[in-house]
Each structure stands twice: as C-alpha cells, then as structure tokens.
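K.L.:
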Amino acid sequence: MIKWIRWSGLAGFVVVVALIAALWLLALGPLMKMAVEKYGSEAVGAQVNVEDISLGFNPLSLTVTGVQVADKNAPMENVVSFDTAVATLEAFPLLLGHIIVPDVTLSGVALGTQRSFSGELVVEEQEEEESKEETASTDEGSSNNSDSDSETAEASEGDILPSSDEILARENLLTTQYGKDLEDSYKQHKQTIDTALANIPNEDALKNYETELNNILKGKFKNLEDFKQRKKEFDALNAKFKQDKLAIAELTKAVKESKTDLNQKWSKLKDAPAQDFANLKGKYKLDGAGATNLAALLFGDDVGGYAKTALEYYEIVSPLLSDDEAKAEMQELKDKRLEGRLVHFKSDNPLPEFWIKTLSFTMQLPELEQDTGSVGEVAVKVQDITNQQDVINAPMRLLATGENLKNMDSLKITGVMDHRKPPSKDSFDLNLQGWQLTNVKLGLVGLKLVSSKASVTAKAVFTKGEMDVVGNGLFKQAKFDTKDTTFVAKEMNAALKNVNQFTVSTSANGELKSPNVSLRSDLDKQLNSAFNKRLKQKQAELEDDLKEKINEQLLAYGGDYTEQLKQLNLTEGSLKEKSKELEKLAKSEISTYEAQLKAEADAEKARAKAKVDAEKARMKADADAKEAEEKAKIDAEKARAKAKLKAEEERKKKELEEKAKAKLKGLFG
Amino acid sequence: MFNFVGKFFKLLNGDASPGQIALGFSFALFIGLTPFFSLHNLIIFFFVFAIRVNLGAFFLGSAVFALLAFGIDPLSIKVGEYLLNNPDLLSMWTELYQSDVWRAFKFNHTLLLGSVVISILLFIPMLIISRFIVSTYRVRIMKWFEKLKISKMLKASKFYKYYERLGE
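Line by line, the protein sequences are chains A and B. Every letter in the first sequence is one number past the one before it in our numbering, and letter 660, counting from 1, is 660. Every letter in the second sequence is one number past the one before it in our numbering, and letter 47, counting from 1, is 47.
(1) Please confirm if lysine 346 of chain A has its CB atom under 8 Å from at least one CB of chain B.
(2) Which chain A residues sit within Cβ distance under 9 Å of lysine 106 of chain B?
(3) Taking isoleucine 5 of chain A as the query, report the chain B residues whose CB atoms sit under 8 Å from its CB, ordered along the chain.
(4) In the DSSP output, what is lysine 459 of chain A paired with across the bridge?
(5) Could you tell me whether the Cβ of glutamate 51 of chain A comes closer than 8 Å to any Cβ of chain B?
(6) Quick check on aspartate 100 of chain B: does DSSP put it in helix, strand or coil?
(7) Once you ignore the five residues that flank valine 14 of chain A on each side, which residues in its own chain have a CB closer than 6 Å to its CB?
(8) What three-state label does DSSP hand alanine 74 of chain A in the structure shown?
(9) Could you work out which residues of chain B lie near leucine 351 of chain A, taking near to mean beta carbons separated by less than 7 Å?
(10) If you follow the beta strand (DSSP E) that phenylalanine 354 of chain A is part of, which residue opens it and which one closes it?
(11) Could you tell me whether any Cβ in chain B is nearer than 8 Å to the Cβ of phenylalanine 92 of chain A?
(12) Using the beta-carbon of each residue, which ones in chain A are nearer than 7 Å to threonine 110 of chain B?
(13) At which residues does the alpha helix (DSSP H) containing methionine 396 of chain A begin and terminate?
(14) Just to confirm, are valine 67 of chain A and valine 79 of chain A a CB contact at a threshold of 8 Å?
(15) Less than 8 Å between the beta carbons of glycine 80 of chain B and glycine 114 of chain B, yes or no?
(16) Could you tell me whether any Cβ in chain B is nearer than 8 Å to the Cβ of leucine 161 of chain A?
(17) For chain A, check one thing: does any of its Cβ atoms lie closer than 8 Å to the Cβ of phenylalanine 25 of chain B?
(18) Show which residues of chain B have a CB atom less than 9 Å away from the CB atom of phenylalanine 13 of chain A.
(19) Go through its chain and collect everything with a Cβ distance to leucine 39 of chain B's Cβ below 6 Å, but skip five positions before and after it.
(20) Answer with yes or no whether the minimum CB distance from leucine 684 of chain A to chain B is below 8 Å.
(21) State the beta-bridge partners of tryptophan 435 of chain A as determined by DSSP.
(22) Over the uninterrupted beta strand (DSSP E) stretch that includes lysine 381 of chain A, give me the two end residues.
(23) Quick one: which chain B residues come within Cβ less than 7 Å of glycine 9 of chain A?
(24) Indicate whether leucine 430 of chain A and valine 461 of chain A have their beta-carbon atoms separated by less than 8 Å.
(25) Check whether the segment 49-69 of chain B touches the segment 90-100 of chain B, taking contact to mean three or more Cβ pairs, one atom from each stretch, closer than 8 Å.
(26) To the nearest angstrom, how far is the alpha carbon of leucine 398 of chain A from that of isoleucine 99 of chain A?
(27) Quick check on this structure: which residue in A:Val255, A:Glu212 and A:Asp261 has the alpha carbon closest to the alpha carbon of phenylalanine 241 of chain A?
(28) Alpha carbon to alpha carbon, how far is leucine 664 of chain A from alanine 647 of chain A?
(29) So for leucine 10 of chain A, helix, strand or coil by DSSP?
(30) Under a CB-based cut-off of 8 Å, is glycine 80 of chain B close to chain A?
(31) Do glycine 9 of chain A and alanine 22 of chain B have their C-beta atoms closer together than 8 Å?
(32) Thinking just about the alpha-carbon of each residue, which of A:Asn238, A:Ser258 and A:Glu233 is nearest to the one in lysine 190 of chain A?
(33) Nearest to serine 427 of chain A by CA position, among A:Val450, A:Asp418 and A:Trp435, is which residue?
(34) Taking one C-beta from the segment 71-78 of chain B and one from the segment 58-78 of chain A each time, how about it: are there three or more such pairs within less than 8 Å?
(35) Looking at the structure shown, is lysine 476 of chain A part of a helix, part of a strand, or coil, going by DSSP?
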C-alpha cells in the first residue's frame with residue numbers, strides 16, 4: 001500500500017498549498033484594504049480611506065485601523081471616522097468568499113471630523129476626457145447649460161435656510177405693494193387739492209367781504225329807494241360770495257375724498273404685514289428641503305442640520321441593505337442555465353455574501369454649538385448588517401442607548417430596517433427624556449432658548465421611498481432671551497417671558513426627497529395670545545401715530561396753503577353769519593313799512609265794526625221790549641183761563657156732592 | 001495540437017504502468033468536467049500528488065475533459081437541477097446545507113453537483129476502459145507499429161527527433 005504513496009508528490013502538494021495559503025494571507029490585508037477603499041468609495045460617492053487591515057489567527061479576526069469616510073458634499077470633512085475596528089471572522093464561509101463577521105467592535109468613532117486632505121473622488125482621466133468631449137459637443141448650448149448649472153448651484157445653495165432679511169428681500173411683499181399704492185394715491189390727491197386751492201379767495205379778498213358788508217348795513221334806510229339800492233349791492237356781494245363758497249366746497253370735497261381714499265389704503269397697508277407674515281409662514285413651511293427648513297426656522301441651523309444629516313445618513317445606508325445588483329446577477333444566472341445556479345435550502349445557519357452579526361461602538365453625542373462641554377456618549381449596537389436580508393431572513397436592528405449623559409436623563413433610539421422582501425420598511429423610534437437645553441439659538445430675531453428641560457418622542461417609518469414621521473416634544477421650564485434691540489425682538493421677548501412650557505409636534509409624510517411637513521406648537525398659541533396683546537397695543541399707538549403723521553403729511557403736502565385752508569374754514573363761518581344778519585336786517589325794514597299800512601286798515605276796520613255793533617245793540621233792545629209786552633199779555637190770558645177752569649171744577653165738585661148726598665138719603669131714607 | 005498528440009504518444013509508449021495512466025485519466029475527469037476553482041478539486045489534487053498517479057495522463061486528461069465539458073455542461077446542470085430539486089433528497093440536502101463544511105464545497109450548485117456526479121459515475125468506467133486501452137495499445141498496436149519499415153525510417157529521421165523533443 002505504501003508503495004502507492006508518492007512521498008515527493010505529497011510533500012510538494014503540502015508545500016505548494018502552504019505557500020499559496022501564506023501568500024493569500026499576506027495579500028489578504030492589502031487586498032481587503034483596496035477592496036474596502038474602492039467599493040466603499042463607489043458606494044458613498046466620496047473617498048473611503050483605510051490606514052491598515054491586518055489578519056489575526058487565534059481566533060480568526062480582522063483589525064481595521066484609521067478609517068475615514070469623507071463627506072461627498074464637504075470633502076474636507078468626514079461623515080464618519082473611527083480609530084480601530086476589530087472583527088472576528090468565520091473561517092469556512094471565508095473559503096467560499098462569504099464574509100461572516102460574528103462581532104465587530106469599533107473604537108474612537110466620531111462624526112464630522114476634519115480631514116487633512118480632500119475626500120473628493122478622483123475622476124479617471126478617461127472619464128474626464130469623455131466629459132470634456134461631451135462638453136465640447138454641447139458647446140453651442142453651453143450658455144443655457146451654464147445658466148441651468150448656476151441655477152442648480154443656486155438651488156443647492158438654496159437648501160441652506162435663508163435669513164429673515166433674505167426672505168424679505170426676495171419676496172414681493174404686500175406691505176411694499178400697498179405702501180407704494182398709498183404713496184401714488186397721495187401724490188395724485190395732492191395734485192387735485194393744489195388745483196382746488198388755486199381757485200379759493202385769498203386773505204385780502206376775504207377781508208373785503210366784511211368791509212363791503214359793513215358799508216351796506218351801516219345807518220338806517222332813508223326810504224324805500226335807499227333800501228332797494230342797498231339790497232342790490234348786497235345781492236351782488238352775495239353772488240360773489242356764493243362763488244367763493246363753491247370753490248371752498250370743492251376744496252372741502254377734494255380733501256374729504258382724499259382722506260377717505262387714503263384711509264382705505266392705509267387700512268389695507270395696516271393689514272398687509274399680517275398677511276405677509278401668514279404668506280411667508282405658509283411658503284417657508286418645509287417644502288423642498290423637507291423637514292429641515294421649519295426645524296431650522298424655529299430651532300436654528302444646528303437642529304435643522306441634524307435632521308438633514310440624519311436623512312443623508314439614511315439615504316446612504318438604505319440602498320446598501322438591499323443587494324439589487326446581487327439579485328439582478330442571480331436573475332441573470334437563472335437565465336443563463338449553462339453556468340448553473342446555487343439552490344438554497346432552509347437553514348439555521350444562513351450564509352449571505354456579507355454579514356456582520358453584531359456591530360457595537362460608543363461615540364460622543366454631537367454637541368450643540370452653544371453648549372459647553374460634552375453632552376455624553378451613546379452606546380450603539382447594530383445587529384444583522386447585510387446586503388442579503390432575505391438570506392438570513394432577519395431585518396437589521398439598531399439600538400442606541402445614552403451613557404454618562406450630562407444634560408439628559410435618558411436617551412434611547414431603536415430601529416428596524418427590513419429589506420427582506422419588497423417593499424422594504426424601515427422604522428425608527430426615539431425616546432429622549434429630561435434633556436436640559438441651554439442657550440439654543442432659535443434663529444429668529446436673535447432669540448435664544450436660555451434654558452429648558454425637554455422630552456422628545458418620535459417615530460419614523462420609511463417605505464416605498466416615502467416617509468411617515470411623527471414627533472412630539474415637551475419643553476418645560478422654558479426661559480427665553482434676546483440681545484436684539486429691534487421692536488419685534490423686544491416684544492417677542494416680552495411675550496415669551498410668560499411662557500413656561502410648550503409643546504412641539506411635527507409630522508412629515510410623502511416622498512423622501514420632498515415630504516409634506518407640518519409643525520404645530522402650542523407655543524404659537526401662547527405667543528400669539530401674549531404677543532398679539534402687546535402687539536395690538538403697540539399697533540394702536542403706531543396706527544395713531546402713523547395716522548397723525550400721514551394726516552400731517554397730507555396737510556403738509558399743501559405747503560403754504562395749510563394755514564390758508566384753516567383761514568378759509570374760519571372765513572366760511574364768518575361769511576355765513578354775516579349773510580344771515582344782512583338778510584335779517586333787510587327783512588326788518590320791509591316789515592316796518594308794511595306794519596304802518598296794516599295799522600291804518602285796522603283802525604278803519606275797527607270803526608266800522610263799532611258802528612255795526614251799536615246798531616246791533618239798539619235793534620236788540622227793541623226786540624227785547626216787544627217780546628216782554630207779548631209775554632205779559634200771554635200770562636194774563638193764561639191766568640184768566642186758569643181761574644175759569646178752577647171755578648168750573650168747583651161747580652162740578654158741588655154737583656157731585658149733592659148727587660152723592662141725594663143717593664144716601666135714598667138708601668137710608 | 002502537436003504538443004498534445006506528442007505527449008499522448010510518448011505517454012502511451014513510455015514505461016508508466018497502465019493502471020497509473022488510467023488513474024490519471026480518471027482523476028482528470030473531476031478537474032476537467034467540474035468547475036476548476038472548487039474545494040473538491042483540492043482533494044483531487046491531493047490524491048493525484050500523493051498517490052502514484054501518472055501526472056502526464058492526469059494533466060493531459062484534464063485538458064481534454066475541460067474541452068469536452070463545454071458539451072457536457074448542459075447535461076451536468078440538468079443532473080444537478082434534478083438532484084437538488086428532487087423532493088426525496090430534500091431532507092438530505094437541507095441537512096448538508098446546515099454545515100459550513102459542506103457548503104464550502106458548494107454542493108448546492110447545480111453545475112458543480114451535476115458534473116461531480118457524472119465524474120464519479122464515469123470514474124470507474126474510465127479507469128477500466130483507459131487501462132484496457134493502454135494495455136492493448138502497448139501489447140498489440142505499439143509492437144506492430146514498431147515492426148513497420150516506415151516506423152523504423154521515421155525513428156531514424158530528424159522529424160522523429162523533433163517529435164521526441166516535443167514529447168519531453
């Protein structure tokens with residue numbers, strides 16, 4: 001049997017295999033370094049630099065040192081960097097080209113560190129030449145392209161939230177529009193008033209009215225002719241006066257119309273700032289750049305920046321979790337039956353191409369600019385990082401817990417990124433309790449949240465390229481302050497003095513790149529209430545002041561005619577009185593003459609009446625005497641008739657008594 | 001091509017035992033018909049180097065079978081598909097799949113499994129047939145060929161010397 005063994009061959013085999021293994025192990029570190037830098041750079045769109053990768057054998061492990069992942073938008077900064085990563089490896093899967101890492105521990109993890117050299121990807125010369133050719137071929141339309149490029153550049157710059165001054169400068173405000181309208185109207189009315197002013201009498205003319213009127217009324221009317229003469233002069237003066245009165249009336253009308261029109265326009269102008277504010281609030285309400293804008297508007301660039309950075313990280317990580325390329329290759333393999341395919345079976349020990357079972361590290365929490373010192377650390381544990389979740393049949397899980405927290409009671413972030421089957425679903429939960437905020441810029445009129453204790457809970461779900469985020473924050477023991485000396489800053493600060501606690505609720509849904517974001521806060525209500533009260537008071541003062549000034553300005557536009565206008569008003573009153581007096585006097589003279597004629601007629605009438613009355617009295621006396629005589633005769637006749645009637649009644653009575661006595665006698669007799 | 005033919009005849013005409021030559025051709029089935037960069041081929045190489053297998057026959061056979069593999073691959077894939085998708089064998093494959101070692105052999109690859117199975121099936125027949133051919137050639141054809149005048153003339157010519165150099 002031994003004679004069948006070829007010892008030299010056996011030794012040669014062992015030597016060759018050992019040599020290959022040694023070479024492989026020696027080359028593995030540099031090869032992996034190259035692979036990580038090449039494919040990592042392609043994945044993140046910026047340089048990924050690795051200082052060294054070395055292999056350990058007991059247990060099989062990999063130590064990666066000095067890793068820097070550049071920020072493609074800021075090549076002199078790192079998105080993330082760490083000093084050392086120690087990863088244990090499973091040996092057999094490695095023979096198959098599968099990198100299975102049971103555990104990775106990172107140390108010295110930091111975000112946003114400065115780089116000593118640019119992290120921009122170096123474009124291949126060939127690609128550069130191609131791009132140059134493309135540029136040359138489209139040279140004719142280059143002006144348009146450059147315009148669009150500059151627009152794109154502007155658009156990207158536009159992601160940075162503009163300041164309030166920039167917003168006011170770029171927006172067509174109603175306040176400006178109505179203000180200009182008011183100014184134009186004022187000029188127009190001034191012209192009309194100036195024309196009307198030119199037609200009214202001057203001061204000398206007004207004095208003449210009085211002199212002439214006094215001359216007319218001086219002394220008594222000598223006779224009717226004198227009266228008529230004066231009346232004629234008065235009528236002429238009155239006609240002239242009426243003409244001047246008409247001119248004054250026209251001027252009054254012009255001034256009145258101007259006041260009405262300017263008042264209306266002033267009213268619109270007065271409401272314009274509120275409308276502008278509402279419009280701007282609606283317009284700059286988290287569109288385009290997503291959740292970052294409103295957050296930045298309310299809570300300054302810092303917090304807005306964090307939201308933006310978080311979304312950027314998500315956009316980088318998310319595509320890496322679903323191995324679309326591998327799936328496409330798999331499909332291609334299925335189509336090319338000649339190359340065969342791998343058939344997978346149910347397994348308790350799945351074997352994807354790349355799998356980090358547990359990644360853990362501790363990192364410093366990012367500090368707010370205003371804070372002094374470290375906020376604390378966060379211990380991050382990520383499970384099941386792979387580009388083939390369908391193979392391991394488990395989603396990636398994230399757990400971040402705050403440690404050694406200085407200004408927080410607790411911090412917990414959990415996340416599940418499930419890309420096992422389409423549509424993928426990624427969800428994150430944030431729970432932050434007792435966060436002591438100090439000197440947080442609010443990005444508005446220099447306002448700062450000097451101190452507050454915040455509790456924040458948030459839930460974010462990303463699926464089918466869309467997001468659904470809901471967040472709630474409760475800010476207790478809030479104290480605000482500003483160093484700005486503007487009116488708005490002072491008033492805002494005064495209003496905020498009464499705010500002790502407030503809530504902020506935010507929601508964002510829709511497409512990942514352009515979500516519909518809303519942010520509600522009872523701070524708005526509280527501020528509105530307090531601020532409106534102060535503002536109304538100040539606004540009323542301001543309105544009165546402005547009205548007065550505008551009226552003054554309106555009159556001032558009349559220049560030297562202002563006093564004359566006042567004089568005109570006085571003169572108008574004086575003329576009216578004199579006119580009334582004149583008419584009264586005239587009426588008085590006429591009535592004296594007529595009274596005289598009437599007195600004579602009355603005397604004649606009285607005399608005639610007395611005569612008639614005397615005749616009437618005599619006639620009446622005669623009638624009365626006659627009537628008395630007739631009455632006496634009638635009475636005498638009546639007395640005689642009455643006596644005769646009585647005598648007859650006595651006679652009949654006696655006859656009846658005798659008859660009665662005769663009958664009695666007949667009965668007893 | 002001349003190189004191949006020269007080597008082949010030198011091998012046949014050499015003093016290597018027919019059994020070693022046949023074993024070389026049989027092992028060559030695995031290297032030629034199955035995907036080269038596979039773990040099982042490391043084992044094949046181990047046997048080829050450790051056992052007195054004729055290396056000439058092995059490398060020659062590997063080259064020949066690698067050419068034949070282009071035609072055999074569809075059959076290998078069909079065999080692999082059939083075996084891996086056979087419900088009766090599912091439990092076995094699933095059990096093997098749980099092991100990192102077996103998966104390192106990529107047994108669940110249709111082409112690999114099919115071609116390995118075909119190689120195993122052909123191993124013994126190849127061993128017997130090739131041994132028979134070599135023995136028969138040496139006993140009958142080689143001796144007959146050497147007795148021919150033309151053969152003697154060729155052996156004496158410069159062409160034959162050149163041919164011999166090619167075969168070395």
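Cβ atoms here follow ideal geometry from the backbone N, Cα and C, with glycine treated the same way.
P.N.:
In terms of the structure at hand:
(1) yes
(2) Leu96 and Leu342
(3) Ala50, Ile51 and Arg52
(4) According to DSSP, lysine 459 of chain A bridges with A:Asp429 and A:Val470.
(5) no
(6) helix
(7) none
(8) coil
(9) Arg103
(10) 354-364
(11) yes
(12) Residues of chain A passing the Cβ test: Gly340, Arg341 and Val343.
(13) Taken as a continuous stretch (DSSP letters only), methionine 396 of chain A belongs to no alpha helix (DSSP H), being part of the beta strand (DSSP E) at 396-403.
(14) no
(15) yes
(16) Legend: pLDDT at leucine 161 of chain A = 40, less than 50; position of this residue unreliable, value from coordinates given subsequently. False, the Cβ-Cβ gap to chain B never drops below 8 Å.
(17) No, phenylalanine 25 of chain B lies away from the interface with chain A (no Cβ there is under 8 Å from its Cβ).
(18) Phe45, Phe46, Val48, Phe49 and Ala50
(19) Ala104 and Phe105
(20) As shown, chain A starts at 1 and ends at 669. That puts residue 684 of chain A outside it, with no answer to give.
(21) A:Ala454
(22) 377-386
(23) Phe49 and Ala50
(24) no
(25) no
(26) 21 Å
(27) A:Glu212
(28) Taking the straight line joining both Cα atoms gives about 26 Å.
(29) The three-state secondary structure of leucine 10 of chain A, taken from DSSP, is helix.
(30) For glycine 80 of chain B, the answer is yes, since a Cβ of chain A falls inside 8 Å of its Cβ.
(31) no
(32) A:Ser258
(33) Among A:Val450, A:Asp418 and A:Trp435, the Cα nearest to that of serine 427 of chain A is on A:Asp418.
(34) Not touching, per the Cβ criterion.
(35) strand
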